[in-house]
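Visitor: Residue numbers (the UniProt record's numbering), protein chains in the order written: chain A, 1 to 195; chain B, 1 to 195.
Just so it is clear, CB atoms sit at the ideal spot from N, CA and C, and this is done for glycine as well.
My questions all concern the structure below.
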DNA sequence: GGAATTACTTGATCTAGATCAATCTTCTTT
DNA sequence: AAAGAAGATTGATCTAGATCAAGTAATTCC
């Protein structure tokens, strides 16, 4: 499994079955890239030209508001796809930044190639349909949490849902994902330690 | 366009092209239903057995928290699809309620039929992939708004994004969608009227 | 068409979480 | 291994929006 192609093909085979020919074509559109920790994969203002699959490491997509505060849109670890989808679909400048929280390896697919892929191997429509359904459900839950739960409840949901992420991420990144300040999250953790 | 089948077929033809045979099969899996205002399409606790397309009227999907407060997950007007997707996919009891804010007509597709549809007319994978991409983008924006904007900013974003919905919905429903109390929304509107 | 729900408004008060500030700890990088 | 940067903690204070309460305006429905 040290071969990165092996890893992505495994992932895909969970949802669709590809012929040897399909696999060859798919591999041919993948561009393998390595990012150092803190390196950008996408900067707000540029157009998101690629859909990216994380092979190793961890990325974050985030926006920066008027007073310079970062707000995390999503994390992407091994097996996740990430881009600024709106920018990718429309060709308009990205509002999101994507950078590496750890040294990271990705496969990137260019938009034109992805379109070709959908045509030549329509099964990929099915795969992304399924992945997007799952993302849709997760996002709805995050929205409901965000509008109906206290900070403490949201944090608790987060660690139950993503126990490994919680281990792996700096606390301030989790705070930003939840829409809290690092101070508030620190206090919540202190509280919980008592129990 | 008074024929409801005409309406849904029009919508679908924006994304995919169907043969006469495909159309016949598609129509055969649609169940047309009418709901009175306030009538449930789905109650939390029941399994979401259908994916529903709104032909006429307006639905809301919402959860109810421990103190009985409702939180709106989404609205669905003409041309939108709605279900408790998690329940629909997994067969587990729904956490969401769906009911009618106006007298409403929908087409419902049973899960088994939808699966058959994906098999017999794989183009539907493509269509739902595209619709889900759009939903993904919209939900990301809602999440970012919710964790980074003030109540006033969120309300402003809402009316710019959904001007017709804003007209059509009771104010307290909009408040609930935004995660605000009706009192707060009322005060925001009063503020804005001054300007 | 009038009673009864349901929706909206306005005021007074409260509170969860933000902000500001200072210190401490843990990683990075050389 | 030491210096610097980034992350975490703790305390004091502030504030946006919630809650509680009471009244007014719209709808709904017999």
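Identify which residue in A:121, A:101 and A:161 has its Cα closest to the Cα of residue 56 (chain A).
Guide: Translated into positions along the first chain, residue 56 (chain A) becomes position 56. Looking at the Cα atoms, A:101 is the closest of the given residues.
Visitor: Can you list, in chain order, the residues of its chain whose CB lies under 7 Å from that of residue 155 (chain B), leaving out five sequence neighbours each side?
Guide: Here residue 155 (chain B) is taken as the residue at index 155 of the second chain, counted from 1. Hits under 7 Å: 178, 185 and 188.
Visitor: Just to make sure I have the definition right: I need the residues of chain B whose C-beta is within less than 9 Å of the C-beta of residue 14 (chain A). Which are they?
Guide: Taking the first residue of the first chain as position 1, residue 14 (chain A) is located at position 14. Neighbours of residue 14 (chain A) on chain B: none; closest Cβ ~15 Å, over 9 Å.
Visitor: In three-state DSSP terms, what is residue 98 (chain B)?
Guide: As a first step, residue 98 (chain B) is located in the second chain; it is residue number 98 there, counting from the start. Strand.
Visitor: Start and end of the alpha helix (DSSP H) containing residue 137 (chain A)?
Guide: By one-based count along the first chain, residue 137 (chain A) stands at place 137. Residue 137 (chain A) -> alpha helix (DSSP H) spans 123-148.
Visitor: Could you say which of B:60, B:29 and B:8 lies nearest to residue 173 (chain B) if we only look at CA atoms?
Guide: For the purposes of this step, residue 173 (chain B) is taken as residue 173 along the second chain, with counting starting at 1. Cα-wise, what sits closest to residue 173 (chain B) is B:60.
Visitor: According to DSSP, is residue 93 (chain A) helix, strand or coil?
Guide: Here residue 93 (chain A) is taken as the residue at index 93 of the first chain, counted from 1. Reduced to three states, the DSSP call for residue 93 (chain A) is strand.
Visitor: Can you pull the DSSP bridge partners for residue 193 (chain A)?
Guide: Along the first chain, one-based indexing puts residue 193 (chain A) at 193. For residue 193 (chain A), which the question treats as bridged, DSSP gives no partner whatsoever.
Visitor: Can you pull the chain B neighbours of residue 179 (chain A), defined as C-beta to C-beta under 8 Å?
Guide: Numbered from its first residue, the first chain carries residue 179 (chain A) at position 179. Residues of chain B passing the Cβ test: 146, 147 and 148.
Visitor: Using 8 Å as the limit for Cβ to Cβ distance, is residue 143 (chain B) near chain A?
Guide: Your numbering for residue 143 (chain B) matches position 143 in the second chain. Residue 143 (chain B) counts as touching chain A.
Visitor: Go ahead and pull the three-state DSSP assignment for residue 33 (chain A).
Guide: Position 33 of the first chain, counted from the start, is the residue given in the question as residue 33 (chain A). Three-state DSSP puts residue 33 (chain A) in a strand.
Visitor: At the level of alpha carbons, what is the spacing between residue 181 (chain A) and residue 171 (chain A)?
Guide: Within the first chain, numbered from 1, the residue matching residue 181 (chain A) stands at position 181. Within the first chain, numbered from 1, the residue matching residue 171 (chain A) stands at position 171. Roughly 10 Å separates the two Cα atoms.
Visitor: Would residue 129 (chain B) pass as a contact of residue 129 (chain A) if the rule is Cβ separation under 8 Å?
Guide: Numbered from 1 along the second chain, position 129 holds the residue referred to as residue 129 (chain B). Numbered from 1 along the first chain, position 129 holds the residue referred to as residue 129 (chain A). Going by C-beta atoms, residue 129 (chain B) is nearer than 8 Å to residue 129 (chain A).
Visitor: For residue 46 (chain A), does the count of other Cβ atoms within 10 angstroms reach 16, so buried, or fall short, so exposed?
Guide: Residue 46 (chain A) sits at position 46 when you count from the first residue of the first chain. Result: exposed.
Visitor: State whether the region 62-74 of chain A contacts the region 105-116 of chain A, with contact taken as three or more CB pairs (one from each stretch) at a distance under 8 Å.
Guide: Cβ pair count under 8 Å is below three, so no.
Visitor: Between residue 168 (chain B) and residue 159 (chain B), what straight-line distance do the alpha-carbon atoms span, to the nearest angstrom?
Guide: The residue you call residue 168 (chain B) lines up with position 168 of the second chain. The residue you call residue 159 (chain B) lines up with position 159 of the second chain. Cα to Cα, the separation comes out at about 11 Å.
Visitor: What distance in whole Å lies between the Cβ atoms of residue 120 (chain B) and residue 89 (chain A), which are believed to be in contact at a cut-off of 8 Å?
Guide: Position 89 of the first chain, counted from the first residue, corresponds to residue 89 (chain A). Position 120 of the second chain, counted from the first residue, corresponds to residue 120 (chain B). Incorrect: roughly 28 Å between the Cβ atoms, too far for contact.
Visitor: If we count the other Cβ atoms within 10 Å of its Cβ and call it buried at 16 or more, is residue 91 (chain B) buried or exposed?
Guide: Within the second chain, residue 91 (chain B) is the residue found at index 91, counting from 1. Residue 91 (chain B) is exposed by the Cβ-count criterion.
Visitor: Spatial neighbours of residue 65 (chain A) within its chain, please: CB distance less than 7 Å, with the 5 preceding and 5 following residues excluded, ordered by chain position.
Guide: On the first chain, residue 65 (chain A) is found 65 positions in, with the first residue counted as 1. So the qualifying residues of the chain are 71.
Visitor: Nearest-angstrom Cα distance between residue 163 (chain A) and residue 157 (chain A)?
Guide: Stepping through the first chain from its first residue, residue 163 (chain A) is reached at position 163. Stepping through the first chain from its first residue, residue 157 (chain A) is reached at position 157. Using only the alpha carbons, I get a separation of about 10 Å.
Visitor: Measure the alpha-carbon distance for residue 166 (chain B) versus residue 32 (chain A) and round it to whole angstroms.
Guide: The residue given as residue 166 (chain B) occupies position 166 in the second chain. The residue given as residue 32 (chain A) occupies position 32 in the first chain. Rounded to the nearest angstrom, the two C-alpha atoms are 46 Å apart.
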